[in-house]
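Residue numbers (UniProt numbering), protein chains in the order written: chain A, 1 to 238; chain B, 1 to 238; chain C, 1 to 238; chain D, 1 to 238; chain E, 1 to 238; chain F, 1 to 238.
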């Protein structure tokens, strides 16, 4: 039995609250159970130096966690003067995942920054950030389309969402919360598109190495969970 | 006429949403109109080095703003590697203001950190942070009282709240929003207690210097606004 | 009786020593008793990015303290790798105060940086920095006028000076030295112009909140002290 | 045909040169073709704070790249003042991978730091670092065993090695060099143990998402490559 | 003819103004012509970690330059967030030079920090810092002797002073000012003791390499200049 | 007798291994006994800001040490976030030394960065870096000449090499290794050209000051050692 009483293949309650920011071109407060991430998509008329005059745009992401998003207060990264390796790793992953479904040439020489700030953490913040970040990005593109800047269908090639899976007390389970995440022997994050393509797989043995069979079980769970997340995204952005 | 159609002595809608964090000992999402600040109070069993073995505790505050809390995206302080002068100035002010109503000896050798993170900014973030931070602090102390760690009435000497005032097109007005704040010739922040004592006054001429009469008008408005805020705090923490 | 035997409304001996720097366009070593601040005004042919091609100039200030300006040696900010919140707060205040009496359009697209470095500290370093910084700025403008770059009377709209006041053992006193500053229950800094306009008020309750009456007493003292400082400035720059 | 004329399942020439450092307890210069990584294992009588008095030891890794290890000179991280996200990500991976085969309790309260410095880069530096880092670690443990500090067989539970695979022009290939890595549509790194357990999988779609079938092909290649690397490790440390 | 009309072996006017700091245990404002360096010696009851419980003390130095000490304003190191290589190099040199004449065991487990802050620069700031730093250190030791903490004669083994020499338009000259320093083909700094021992020699060819004969000429000039500086030090501390 | 059994005027075995980097325009692994420094020379089509449009080029150097190049592991500078004073001092010295033999106008508006990374340290790393850095620079210039970009003979005015000398147990000795360096009372580094000109002299008394006679003995040893190093350089680059 999972600590949360869920079935092994059962996700937490997932919701997308759109338009939560007065200022951002797109925004979404995504909740995976008690994990709450505020995602905003900001459009800027600039691109990184290496893309100038290329006609191509850029999608980037930043990730942060409020100091008391966690059970114990964590030191504020702005105060310690640098972003941790974990933060940098996650925001690189979020950016790559979102870019995987965007045609940067169709976007034009513009940059969209997706900020994912964890208001409350209970495991799976990076997968929530990708899944909710997509919705914020979608709304930013809709804002642009409403102003005849782009055509969404040409810029956005597919949906993208992410989920974590792990092996807890020998059982492969879907969408780990913090209690499970801390105890899991193996922990894997999967990012996939609406058409079932794989964008990213990150599997890590926290304790003993895992077998190929175990990995295949996690992959199957992830496929199921992501299909569900993409359904929910589609309902959210209808 | 003010941009928001308010009367000169009319505050924005103010609300306190308590218990918004699963983890923090005290928390409050305070709204002054479109300015939304998430305040959490975190209890830690440590004090700054200069208080060790003194028997006294400490209240400190940190302040942050999500990158897209503002009309234009602001660079993330964690990414730029340091907190701006404005951030440091505000968090020092919030900490001083809250300490003004706390008996640090009655608290005992413990530290409470009040994190004030601006989710959305529309002027007056520092005054909202102080006013909402008080509620988070109150709830943290209530949490401690429930565990027989302290007696609230001995630790908390009074309420404290803050409001900004300014002179806009020659008229003294209460509780500036961003549109007024940008245009105001004079801008002042006041921090006062429930019994009417003054904790902090910060008045700045943005353009032409202001007269003593103008300043007195701002002070009178502030007194009125803060009395109202403290009424609302009292209703919130009943 | 004050530790320095001064009357409540008596300032310390104040002096301005001009032309102390061989290199700077304007310079002044200001002394408020044992508080000594070396102020230099440096003219540069550049302005901050947001003013480029605006035709307007800029006045900015930086503040520093030699490590042994204080009773105990303080860590050198260059060695610790960042300026403290206190430093940033003070230099922002000095810059705002000086800009309050300057017509930036009449200055033209040039920048003057006023560096205020505390050689010896005995309370009131920020008010000495503003008061002496004005003299350095004046001399820089005189240097420019001598070269037909500007007309002082069009650039400089008024004098500006600053003083601190506080309530020590229940008595409102003018121009706190370090011994008083450490013990004062309330501490306020005032910045005013030659014509009596208020540029900045910062009042802080260090211990118990203060009353409106107490604040008015401090304001009256400050008005008197600043009038005297501006007289001295005028004698200095004749 | 691959740029290097290799077969799809053919690795580059791999060699381990042991004992290359006069000072380190263990060291290995590992070469995967033109990728050369100098690995040293340093024993220290300290552990991270959270392990003090736990009786358990720690294995950690750091990663760096000489500025001209690459085709274009890269800025020195010591000069830019921080380690990039990529560097932090890699050194966290190397540390996790090595810890996966070590019994930290059997090690005792000691720390071994494995430094992996890339002298020359031609793709696959992180997989070379893990594979060669294991040899340096082994030699450090042998050094300790020779001094009766530990028994290798109790500390080291298995071998561990890593390899990258990718899909280049539609063909799954093993052990990408830089030319392939830049062009690959999909790039994956695998870390496995001598007994075939999986320690880490990182698969990333650089362009189009990849299918499950493609991923399985990469996994099969990796299994083959890692088995070969572990054979070579065993020959090296005989 | 030198720009300053001095003879080749003529130093600038040198003066030592002692006791310039109200707070420091020892202090000296040293002037080598228009180069003015404020030196303070601060006694602290702590030593670097590697000397704890050794019974030995430590002498260290820090160096800084006010932003407008120079002809053009230099960026404040506290604002740029780090000390330049030049600053670090100079303060290491000052520390080494002073330690060369101190018996650290006789000092006891205490630290004296000599801060050398350049108020005005006109060439030779490092040599003025060493020469004036010695006087500040002497006065700090005298302060300690007056409190029966040490015996000066046991702690201080000799005098130490420094001077620069260079070859300007083919002529070896003593004590370069800024005009000469910028134009000199060769520039050398010498640190020597009262008894004529050499503590440090730093000679650098700015343009063409110099010959051994030229170097010997500089060394002879330095010997003469330092003898004179030590005479002046002795008069100053009598 | 020296720890290494060498005669006082005997250098360690010195070798230059050229072409060790696949990528760099010039490279050299220089060995002075157990001190091994990897030097690469990288050509870039940019110059520092102050040389733009001057027609002149620039030679600069950077220095680093692998963490376990030393007997005890040293903290990685990239991790600590800054280069130490020692590192900055050395890389400034290497750059100055190499520029002393280059005609920057004949080079044209290009920059060559010589990176000197110590793989293993046993004393004398800076002198090895200069001596081996010259060979890397030479090979970079040869690479450029082969592409008709420059004529070596016009760019390179002479050879340059460096060696350390010291007084160990009263005896002047040449080319100190770590054991001697730690114990030496006096330590001096000399940089000279092929034609015998002196580029840099740095002599430091670690303990007691040294006499002029001692210094002359060190200079004579250095002259001999550098003549030998330049012979070896010439054989290496033939």
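We treat Cβ as the ideally placed atom computed from N, Cα and C, and that holds for glycine.
At a Cβ-Cβ threshold of 8 Å, residue 52(C) and residue 94(C) do not count as neighbours. A direct Cα-Cα distance of roughly 23 Å separates residue 201(F) from residue 65(F).
Using a Cβ-Cβ distance cut-off of 8 Å, the region 20-31 of chain C and the region 185-195 of chain C are not in contact, since fewer than three pairs of beta carbons, one from each stretch, lie closer than that value. Between the region 156-171 of chain D and the region 171-188 of chain A there are fewer than three inter-stretch CB-CB distances shorter than 8 Å, so the stretches are not counted as touching. The three-state secondary structure of residue 64(A), taken from DSSP, is strand.
In the three-state reduction of the DSSP assignment, residue 176(D) falls in the coil class, being assigned neither a helical nor a strand state. Partner residues in the beta bridge of residue 116(E), as assigned by DSSP, are 39(E), 63(E). Scanning the UniProt domain "Exoribonuclease phosphorolytic" (160-225) of chain C for uninterrupted alpha helix (DSSP H) segments of 4 residues or longer gives 178-183, listed from N- to C-terminal end.
Residues of chain A whose Cβ lies closer than 8 Å to the Cβ of residue 70(B) are, in chain order, 23.
In this structure, the beta-carbon distance from residue 135(A) to residue 13(A) does not fall below 8 Å. Residues 77 of the same chain have their beta carbon placed closer than 7 Å to that of residue 84(E), with the five preceding and five following residues left out of the count. Going by DSSP, residue 57(B) is part of no beta strand (DSSP E) at all; its letter is neither H nor E.
At the C-beta level, residue 104(E) and residue 69(E) stay beyond 8 Å of one another.
Between the alpha carbons of residue 153(A) and residue 108(A) lies a distance of about 14 Å. Note on residue 50(F): under 16 other CB atoms within 10 angstroms of its CB, so exposed under the neighbour-count rule.
Exclusion of the five residues before and after residue 17(C) leaves 28, 29 as the residues of its chain whose Cβ lies within less than 7 Å of its Cβ. The beta carbons of residue 59(C) and residue 159(C) sit no closer together than 8 Å. Residue 98(E): member of the alpha helix (DSSP H) spanning 85-99, first to last residue. With contacts defined as CB atoms closer than 8 Å, residue 163(D) and residue 207(D) fail to qualify as a contacting pair. Residue pairing by DSSP leaves residue 80(E) without any beta bridge partner. Beyond the five residues adjoining it in sequence on each side, residue 132(D) comes within less than 6 Å, by CB distance, of 28, 30, 37, 39 in the same chain, given in chain order.
For residue 88(D), the closest Cβ of chain A is nearer than 8 Å. Looking at 88(A), 20(A), 106(A), 61(A), the one whose alpha-carbon comes closest to that of residue 55(A) is 106(A).
According to DSSP, residue 111(F) shares a beta bridge with 44(F), 58(F). When secondary structure is reduced to three states using DSSP, residue 137(E) falls in the helix class. Beta-bridge annotation (DSSP): residue 71(A) is not paired with any residue.
When the Cα atoms are used, residue 116(E) and residue 62(E) turn out to be separated by approximately 6 Å. Close to residue 204(B), with beta-carbon spacing below 7 Å, are these residues of chain C in chain order: 96, 200.
For residue 154(D), the uninterrupted alpha helix (DSSP H) run begins and ends at 152-155, by DSSP.
Under the three-state reduction of DSSP output, residue 132(F) falls in the helix class. Distance from the CA of residue 139(E) to the CA of residue 165(E), rounded to the nearest whole angstrom, comes to 28 Å.
The alpha-carbon of residue 74(A) is positioned some 10 Å away from that of residue 42(B). Residues 32, 163, 174, 175, 225, 228, 229 of the same chain have their beta carbon placed closer than 8 Å to that of residue 11(D), with the five preceding and five following residues left out of the count. Non-local beta-carbon contacts of residue 87(B) in its own chain, meaning distances under 8 Å to residues more than five positions away in sequence, involve 63, 64, 65, 77 in chain order. Only those residues of the region 174-192 of chain F whose C-beta falls short of 8 Å from the nearest C-beta of chain E are listed: 188, 192. Taking the C-beta atoms as reference points, residue 145(D) is found no nearer than 8 Å to residue 44(D).
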